[in-house]
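Undergrad: The listed protein sequences correspond, in order, to chains Z, U and Y. Take any residue in the first sequence, note its place counting from 1, add 206, and you have its number in our numbering. Take any residue in the second sequence, note its place counting from 1, add 117, and you have its number in our numbering. Take any residue in the third sequence, note its place counting from 1, add 9, and you have its number in our numbering.
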Amino acid sequence: MKTLYAILVLCGAVALLPAFVSSGVVLNLVIMTLYATLLGQAWNILAGFGGQYSFGHAAFFGTGAYASAALQVHFGVNAWLCLPFAIVCGAAVGALVGALSFRYGLRGSYFALVTLAFAEVFRILANSVKFTGGGVGLLVPLKSSALDFQFQGKAGFLYVILALTLAGFLLSWWLKHSRYGAWLTAVRDNEDSAAALGVDAFRVKLQAIVISAGLMAAGGAFYVQYFQYIDPHLAYGPAVSVEALLGPIVGGLGTVFGPLLGAAALKLLGELTRNLMGDAPGVSLMIYGAVLIAMVTFLPRGIGGLFQRLAAKAP
Amino acid sequence: MLQARHVSISFGGLKAVDDASLAVPAGSITSLIGPNGAGKSTLFGILSGFLEPDAGSVSFLGQEVTGLAPHRICRLGMTRTFQLAQPFAGQTVRENIAVGSHLHRAQRKAALAHAESIALRVGLSGRLDRPARDLTIAGRKRLELARALATEPKLLLLDEVLAGLNPQEVSEMSPVIRSIRDGGVTVLMIEHVMQAVMNLSEHTWVLNNGQLIAEGKPADVTRDPRVIEAYLGRGAAERLRTSGNEAHA
Amino acid sequence: MLELSILFPSILNGLTTGAVYALIALGLTLIYGVLHIINFAHGALLMIALYGVFFLNAKLGLDPYAALPVMVPGMFALGYALQRFVIGRASHGKDENILLATLGLTLVLENFALYAWRSDTRTIETPYTFSTVDVAGAMISTPKVVAFFGALAATAILLAFIARSDLGRAIRAVARERQGAKLVGIDVEHVFAMSFGIGLACLGAAACFLLPAYYVNPQVGNGFVLIAFTIVVLGGMGSFAGALLGGFIIGVVESVGGLWLGESLGQIGIFVIFIAILLFRPQGIFGART
Ligand SMILES: Nc1ncnc2c1ncn2[C@@H]1O[C@H](COP(=O)(O)OP(=O)(O)OP(=O)(O)O)[C@@H](O)[C@H]1O
Ligand SMILES: [Mg+2]
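1) Is it a yes or a no for the region 59-74 of chain Y touching the region 264-278 of chain Y, going by three-plus beta-carbon pairs under 8 Å?
2) So, with DSSP's three-state summary, where would you put Val141/U?
3) Please return the same chain residues whose Cβ sits closer than 6 Å to the Cβ of Ala366/U, not counting the five positions on each side in sequence.
4) Taking the alpha-carbon positions, what's the Ser307/Z to Leu288/Y distance?
5) Please state the DSSP three-state secondary structure of Gln271/Z.
6) Count the other CB atoms, across all protein chains shown, that sit within 10 Å of the CB of Leu241/U; report buried if there are 16 or more and exposed otherwise.
7) Comparing the CB of Lys271/U with every heavy atom of ligand 2, is any distance shorter than 7 Å?
8) Looking only at DSSP bridge pairs, what is His320/U linked to?
9) Which residues does DSSP list as the beta-bridge partners of Ser150/Y?
10) Against Glu397/Z, what residues of chain Y qualify as contacts under a CB-to-CB distance less than 7 Å, listed in chain order?
11) Could you list which residues in chain Y have their beta carbon closer than 7 Å to that of Ser315/Z, in chain order?
12) Got a sec: is the Cβ-Cβ distance from Thr321/U to anything in chain Z below 8 Å?
13) With 16 other CB atoms within 10 Å as the buried threshold, where does Leu516/Z fall?
14) If you count every other CB in all the chains shown that lies within 10 Å of the CB of Trp389/Z, and 16 or more means buried, which is it?
15) Look up Gln224/U in the DSSP assignment and say whether it is helix, strand or coil.
16) Is there at least one Cβ from chain Z nearer than 8 Å to Phe283/Y's Cβ?
17) So which residues put a beta carbon under 7 Å from any heavy atom of ligand 2, going in chain order?
18) Taking just the CA atoms, how far does Gly468/Z sit from Gly262/Z?
19) Within 7 Å: the Cβ of Lys305/U and any heavy atom of ligand 1?
20) Ligand 1 and Asn22/Y: does the residue's C-beta get closer than 7 Å to at least one heavy atom of that ligand?
21) Could you tell me if the beta carbon of Asn250/Z falls within a distance shorter than 7 Å of some heavy atom in ligand 1?
22) Could you give the residue range of the alpha helix (DSSP H) that holds Glu346/U?
23) Any heavy atom of ligand 1 inside 7 Å of the beta-carbon of Asn70/U?
24) Heavy atom of ligand 1 less than 7 Å from the Cβ of Gly151/U, yes or no?
25) For Ile499/Z, which residues in chain Y fall below 7 Å Cβ to Cβ?
26) Apart from the five residues on each side of it in sequence, which residues of its chain come closer than 7 Å, Cβ to Cβ, to Phe428/Z?
27) Using 7 Å as the cut-off, classify the Cβ of Gly154/U as near or not near the heavy atoms of ligand 1, replying yes or no.
28) So which residues on chain C does Pro291/Y lean against when the C-beta distance must stay under 9 Å?
29) Determine the chain Z residues that contact Ile277/Y at a beta-carbon separation under 9 Å, and present them in chain order.
30) Have a look at Leu459/Z, Ser228/Z, Asn284/Z and Met422/Z and flag the residue whose alpha-carbon is nearest the alpha-carbon of Gly254/Z.
31) Compare the C-beta of Ser384/Z with all C-beta atoms of chain U and state if any pair is closer than 8 Å.
32) Any beta carbon of chain Y sitting closer than 8 Å to that of Tyr442/Z?
33) Between Thr321/U and Ala267/U, what straight-line distance do the alpha-carbon atoms span, to the nearest angstrom?
34) Have a look at Ile455/Z, Asn333/Z, Asn284/Z and Ser334/Z and flag the residue whose alpha-carbon is nearest the alpha-carbon of Leu505/Z.
35) Specify, as a first and last residue, the run of the beta strand (DSSP E) that Arg122/U falls within.
36) CA-CA distance, Glu363/U and Tyr348/U?
Structure below.
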């Protein structure tokens with residue numbers, strides 16, 4: 207219950223932000239942090255709670271992004287209606303990848319590589335097909351109206367991404383407090399033991415990847431509205447997959463607040479290096495890579511785990 | 118209650134289980150014994166759906182379960198434990214047991230409460246909120262038993278839950294197993310600790326080189342020359358008999 | 010139907026690329042076979058090697074083939090150090106951690122290259138860059154022919170080394186039975202690092218053969234990672250012969266597939282092969298089902 211209150215207070219506080227802050231730069235930073243949190247939450251559901259490390263979450267993100275963009279560009283569908291459609295498409299791709307991988311017992315590194323290969327297949331397809339605009343990508347028509355999921359200022363986008371991350375928070379909280387979550391973590395910790403206790407591991411993992419992919423696709427649909435543009439590299443390139451996994455690993459795998467903690471820490475680090483070293487290409491990703499190695503080596507339970515350990519030591 | 122008919126399985130060239138048939142009557146504590154590598158755990162794997170036999174069939178409560186997935190067999194009321202106890206390391210003892218409790222309880226609260234009552238039965242009450250990875254071997258064996266018990270099975274398959282325990286711990290666990298049976302759960306146990314087999318089980322099966330070589334009351338079976346030879350090697354029964362006679366004389 | 014006059018050179022080209030692929034995959038499969046880890050940074054490390062060859066040529070005027078005695082030991086030393094001081098410390102007993110750590114390494118290397126050398130695609134000019142060799146009527150570029158034979162020679166040397174030398178014996182022992190090797194007094198950590206080093210030395214050699222007919226930019230490794238993995242799973246993880254054969258198959262599939270479907274769609278064939286093999290025949294097409 208405490209966690210639930212913390213989530214609500216936090217989201218309430220962020221919701222009040224536009225009333226006090228009008229700086230576009232600050233609001234953009236908050237939006238991008240929440241956006242990274244959302245991607246992290248999606249990845250965390252499958253990897254942190256379910257133990258299945260994907261290297262290709264871009265496959266779901268990009269599908270969400272393209273589903274929404276293509277519907278708007280080719281059929282003039284309202285962008286709000288595109289959002290649920292994008293989520294369904296992403297979840298369907300998740301179901302496909304999951305059904306194949308889990309049916310044939312792929313685990314660990316092999317699962318990671320197969321998801322990456324799927325993302326690459328989608329990237330090449332998006333690059334070669336007319337429907338997705340090929341290598342040029344798709345530009346979402348400018349409407350600038352809240353009714354079309356496009357806003358004049360940043361505040362509107364802030365509320366949308368806040369609502370999506372809130373959904374991510376609630377899902378994560380639910381995993382901590384439900385039978386399904388107990389089954390998922392049991393499968394993560396030991397699949398055979400879980401099966402012996404009556405847990406249908408295949409089904410549980412499949413559901414996890416569907417939920418995770420749906421959330422990721424929502425992130426993709428948001429991206430399209432916020433930047434009004436998508437191309438194969440942005441949608442299906444490895445950068446998105448890396449962004450999704452980095453946050454939870456830094457913040458704490460399989461925890462409710464890990465993705466937020468990680469996203470915030472990485473954004474802070476990113477801003478810091480930008481101030482110190484300027485906008486030189488590659489610097490921030492280089493540092494992210496080093497952070498990833500350092501976290502895995504020295505803090506496998508993330509910053510959140512570090513806090514917990516310190517709190518446990520304190521009298 | 119449980120019946121295996123002519124089941125066989127081989128790994129590569131090795132016949133790990135060879136035309137084995139066995140039956141477990143409802144309400145009993147039945148044991149399965151045999152030397153190391155006899156194929157006991159492999160047979161358990163077949164009974165519980167983790168391994169598919171090359172030949173033969175298994176039925177449980179009159180229903181054919183050969184080749185059924187493990188979780189389905191568990192849902193029918195047969196739950197196994199593993200010889201190498203593997204707790205869900207990241208979770209507390211209570212959470213571990215609750216995974217089993219959830220089989221018949223959708224609510225988290227109800228499952229956690231049920232887990233607590235199960236912990237009481239197997240003597241884990243004091244360690245409910247400890248991380249499972251911190252448990253000793255004896256603690257892990259108890260947890261393995263508790264998780265399985267939490268699924269409220271009709272038949273429990275216990276793979277060496279007493280192995281690795283000291284005599285003190287064995288004598289603590291024996292009444293627990295008996296009370297489980299008295300609570301209406303049929304038990305089939307693999308065991309090396311002979312004293313426990315004698316104490317607990319009414320009927321025992323002996324497996325050697327994948328084949329069932331004897332069955333009967335534990336006291337009778339352990340006098341069976343074939344069984345003694347299986348354990349101690351060819352000619353051992355003869356030697357034992359003569360030396361035993363001398364000792365008794 | 011494709012004309013033989015187009016198909017034949019395309020197959021030859023595929024074979025030359027395949028030989029270099031095989032060499033790259035050999036390094037990967039050696040590391041996997043011995044350490045049981047997947048080196049996701051293999052492509053990025055190849056990129057570093059390619060830059061090494063490029064700068065030796067651009068700054069010192071060293072011919073790429075003459076760079077072999079520098080690049081092979083250089084990459085070996087880099088690999089030894091990486092395994093000893095970075096990758097070996099990250100695992101905590103979970104193979105996902107290695108994958109994440111080598112992903113981190115990939116990010117560091119790629120973006121370091123981007124930062125230090127910019128995103129420009131670079132090539133080198135040698136006297137033989139544009140010369141060709143007539144192979145049964147098909148004109149194949151000389152660097153590709155050299156790459157073919159060079160990669161084969163390097164492979165042969167590696168295989169002989171693994172089969173004959175003391176270190177090779179230790180490597181095979183560790184690959185087969187880690188605990189046993191430890192018991193008979195083999196320094197397993199050292200063998201791990203040596204294997205990783207040799208795996209990267211393959212990349213050093215591959216880079217020398219590759220660059221005259223190829224290019225380098227910070228992202229160049231990306232394309233090679235999944236190709237190398239595909240070859241390795243195709244041939245069976247840890248199998249040398251499989252990697253060799255797999256390299257040729259993938260080289261030809263890519264080249265001929267590109268003829269049919271165009272450059273970018275041709276790549277899909279490789280990924281589809283990769284996914285299909287992992288799903289349906291994880292032991293590889295040549296391995297026995299265990
Ligand atoms: N998955 C497997 N692959 C190959 N061989 C196996 C496999 N599982 C078991 N075996 C072999 O089958 C034989 C029987 O093993 P099993 O574990 O069933 O014996 P056990 O009776 O339980 O012995 P223990 O008392 O030591 O537990 C052994 O020789 C073992 O090595
Ligand atoms: Mg056993």
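Cβ coordinates follow ideal geometry from the N, Cα and C atoms, glycine included.
TA: Let me lay it out:
1) no
2) For the purposes of this step, residue 141/U is taken as residue 24 along the second sequence, with counting starting at 1. Looking at Val141/U - three-state DSSP - the assignment turns out to be strand.
3) For this step, residue 366/U is matched to residue 249 along the second sequence. In this prediction, Ala366/U has a pLDDT of 41, which is less than 50 and means its spatial position is unreliable; what the coordinates show is noted afterwards. Answer for Ala366/U: no residue qualifies.
4) Here residue 307/Z refers to the residue found at position 101 when the first sequence is read from its first residue. Here residue 288/Y refers to the residue found at position 279 when the third sequence is read from its first residue. So the alpha carbons of these two residues sit roughly 7 Å apart.
5) Residue 271/Z sits at position 65 when you count from the first residue of the first sequence. In the sequence as presented, Gln is not what sits at residue 271/Z; that position holds Ala. Helix.
6) Within the second sequence, residue 241/U is the residue found at index 124, counting from 1. Answer is buried; the Cβ neighbour count reaches 16.
7) As a first step, residue 271/U must be located in the second sequence, where it is residue number 154. Because no heavy atom of ligand 2 lies under 7 Å away, the Cβ of Lys271/U does not count as near it: no.
8) Residue numbering aside, residue 320/U sits at position 203 when the second sequence is read from its first letter. Answer is Thr147/U.
9) For the purposes of this step, residue 150/Y is taken as the residue at position 141 of the third sequence. According to DSSP, which records beta bridges pairwise, Ser150/Y is partnered with Thr141/Y.
10) The residue you call residue 397/Z lines up with position 191 of the first sequence. Those within 7 Å of Glu397/Z in chain Y number zero; the least Cβ separation is about 14 Å.
11) Within the first sequence, residue 315/Z is the residue found at index 109, counting from 1. Per Cβ cutoff of 7 Å: Ile47, Asp104, Glu105 and Leu108.
12) Residue 321/U sits at position 204 when you count from the first residue of the second sequence. Any Cβ of chain Z closer than 8 Å to the Cβ of Thr321/U would place that residue at the interface, and such an atom is absent.
13) For this step, residue 516/Z is matched to residue 310 along the first sequence. Leu516/Z should be labelled exposed.
14) Within the first sequence, numbered from 1, the residue matching residue 389/Z stands at position 183. By the neighbour-count rule (16 or more Cβ atoms within 10 Å), Trp389/Z is buried.
15) Translated into positions along the second sequence, residue 224/U becomes position 107. If DSSP states are grouped into helix, strand and coil, Gln224/U belongs with coil.
16) The sequence position of residue 283/Y within the third sequence is 274, counting from 1. Nearest CB-CB separation between Phe283/Y and chain Z: below the 8 Å threshold.
17) Lys157/U, Ser158/U, Gln200/U, Asp276/U, Glu277/U and Ile307/U
18) Working through the first sequence from its first residue, we reach residue 262/Z at position 56. Working through the first sequence from its first residue, we reach residue 468/Z at position 262. Their Cα atoms are separated by approximately 19 Å.
19) Here residue 305/U refers to the residue found at position 188 when the second sequence is read from its first residue. Before going further, note that residue 305/U is Leu rather than Lys in the sequence given. Checking every heavy atom of ligand 1 against the Cβ of Leu305/U, none is found closer than 7 Å.
20) Taking the third sequence and counting its residues from 1, the one referred to as residue 22/Y is at position 13. Flag unset: Cβ of Asn22/Y not near ligand 1.
21) The residue given as residue 250/Z occupies position 44 in the first sequence. Checking the Cβ of Asn250/Z against ligand 1 gives no.
22) Position 229 of the second sequence, counted from the start, is the residue given in the question as residue 346/U. Run containing Glu346/U: Pro342 to Leu349, per the alpha helix (DSSP H) assignment.
23) Residue 70/U falls outside the range modelled here, since chain U spans only 118 to 366, and no answer is possible.
24) Taking the first residue of the second sequence as 1, we reach residue 151/U at position 34. Result yes, Cβ under 7 Å from ligand 1.
25) As a first step, residue 499/Z must be located in the first sequence, where it is residue number 293. Within chain Y, the residues near Ile499/Z are Val95, Ala99, Ala110, Gly113 and Leu114.
26) As a working mapping, residue 428/Z is identified with position 222 in the first sequence. Counting only Cβ-Cβ distances below 7 Å, and skipping sequence neighbours, we find Tyr241, Val366, Ile367 and Leu370.
27) The residue given as residue 154/U occupies position 37 in the second sequence. Yes, the beta carbon of Gly154/U sits closer than 7 Å to at least one heavy atom of ligand 1.
28) Given the protein chain composition of this structure (Z, U and Y), no chain C is represented.
29) Within the third sequence, residue 277/Y is the residue found at index 268, counting from 1. Correct list: Glu326, Val327, Ile330, Leu331 and Ser334.
30) What you label residue 254/Z is simply residue 48 of the first sequence in a count that begins at 1. Of the candidates Leu459/Z, Ser228/Z, Asn284/Z and Met422/Z, the one whose C-alpha sits nearest the C-alpha of Gly254/Z is Leu459/Z.
31) Residue mapping note: residue 384/Z aligns to position 178 of the first sequence, counting from 1. Judged by the 8 Å Cβ criterion, Ser384/Z is in contact with chain U.
32) The count along the first sequence starts at 1 and reaches residue 442/Z at position 236. Judged by the 8 Å Cβ criterion, Tyr442/Z is not in contact with chain Y.
33) Against the second sequence, residue 321/U aligns to sequence position 204. Against the second sequence, residue 267/U aligns to sequence position 150. The alpha-carbon atoms of Thr321/U and Ala267/U are separated by roughly 26 Å.
34) Stepping through the first sequence from its first residue, residue 505/Z is reached at position 299. Ranking Ile455/Z, Asn333/Z, Asn284/Z and Ser334/Z by Cα distance to Leu505/Z puts Ile455/Z first.
35) Working through the second sequence from its first residue, we reach residue 122/U at position 5. Looking at the DSSP string, the run of the beta strand (DSSP E) that includes Arg122/U is Leu119 to Phe128.
36) Residue 363/U sits at position 246 when you count from the first residue of the second sequence. Residue 348/U sits at position 231 when you count from the first residue of the second sequence. In this prediction, Glu363/U has a pLDDT of 49, which is less than 50 and means its spatial position is unreliable; nothing more can be read from the coordinates.
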